[in-house]
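Contents: one structure, followed by commentary.
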Amino acid sequence: MKIYYIGVIRNAPKPAHELVSVKDLNSFSFFQRSTVSEFLTMFSGTVAERTGPASRQDIEEQSYTFHAYGRSEGIAGVIISDHDYPKLVAHKLLSQVVDDFLTMHPRPKWAEGTPRLELPALAEYIVKYQDPKQADSIMRIQQELDETKIVLHKTIESVLERGEKIDSLVQRTKLLLYHHLDCAIVFLFFIFRLQCTEDRQTIICMTDEKGR
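Shown next as structure tokens:
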């Protein structure tokens with residue numbers, strides 16, 4: 235079980251902006267870390283943009299699970315882990331992270347511009363919670379999570395709004411291509427799958443119209 239990323243992202247208004255984050259990339263080789271770091275940052279922003287206020291969701295993409303918790307203040311907490319990491323523990327940690335952030339950084343500090351803030355507790359959390367058993371107070375939020383629907387999506391493309399422009403994703407890929415070829419290839423494959431999905435939907439719609 236592994237946590238790779240913990241972050242707080244401003245998701246309203248769009249585009250999303252990462253306010254604070256911490257990553258554990260020790261399981262990757264030195265040459266992979268920069269690419270993986272870009273991948274985690276980019277996709278965490280994509281997930282945050284599509285996580286509404288007072289909602290929780292888990293999204294599986296490749297070998298990662300994105301856990302997201304949206305708040306009415308206009309931010310979302312995101313944790314990226316492997317598939318084996320307990321979802322309940324991840325969401326317990328998200329609640330703590332977002333509360334810590336809002337206590338330390340009131341909205342006027344990050345509502346405008348592109349600030350990069352500090353949250354020292356994140357460095358402690360990403361080490362401590364690599365072992366889910368450290369969440370000894372987890373039962374105290376059991377009822378809260380039971381009453382909150384956590385939506386599970388199988389891929390990131392499933393959270394994209396229907397008809398959303400793929401062009402915006404292509405632009406992001408061009409930026410990645412300039413800096414990190416490997417990560418850009420992964421993102422291009424993601425866009426290809428999304429385009430194929432939309433093409434199939436278009437064909438089905440055309441077939442239905444002809445049959446009427």
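Start counting the sequence shown at 235; every next residue gets the next number (the working numbering).
Even glycine gets a Cβ: it sits at the ideal position worked out from N, Cα and C.
Since we're looking at a predicted model, the values are computed, not measured.
Could you tell me the boundaries of the alpha helix (DSSP H) in which residue i lies?
| i | result |
| --- | --- |
| A357 | A355 to K362 |
| Y292 | Looking at the sequence provided, one finds Asp at residue 292 rather than Tyr. First-last for D292: R290 to E295, but that is the beta strand (DSSP E), not the alpha helix (DSSP H). |
| E283 | F264 to E283 |
| S261 | Here S261 belongs to no alpha helix (DSSP H), and DSSP marks it neither H nor E. |
Quick one: Cα of residue i to Cα of residue j, how far?
| i | j | result |
| --- | --- | --- |
| M276 | L253 | 13 Å |
| S255 | L356 | 7 Å |
| P287 | L328 | 14 Å |
| V312 | P366 | 17 Å |
| Q296 | L322 | 20 Å |
| A345 | R267 | 30 Å |
| A246 | N260 | 32 Å |
| I360 | A324 | 11 Å |
| P249 | F264 | 30 Å |
| M235 | V270 | 18 Å |
Quick check on this structure: which residue in the options has the alpha carbon closest to the alpha carbon of residue i?
| i | options | result |
| --- | --- | --- |
| H251 | A310, A302, P342 and D334 | A310 |
| K343 | K257, G308, P354 and V281 | G308 |
| V331 | Y319, L353 and P340 | L353 |
| Q364 | P340, G304 and I314 | I314 |
| R284 | V270, D318 and R244 | R244 |
| T337 | V242, F300 and F273 | V242 |
Name, in chain order, the residues that DSSP records as bridge partners for residue i.
| i | result |
| --- | --- |
| A310 | I243 and G304 |
| Y298 | E295 |
| S315 | I237 and T299 |
Helix, strand or coil, according to DSSP, for residue i in the structure here?
| i | result |
| --- | --- |
| L449 | Because residue 449 is not part of the residues shown, which for the chain are 235 to 446, the question remains open. |
| R341 | helix |
| P366 | helix |
| K326 | helix |
| K248 | coil |
| L336 | helix |
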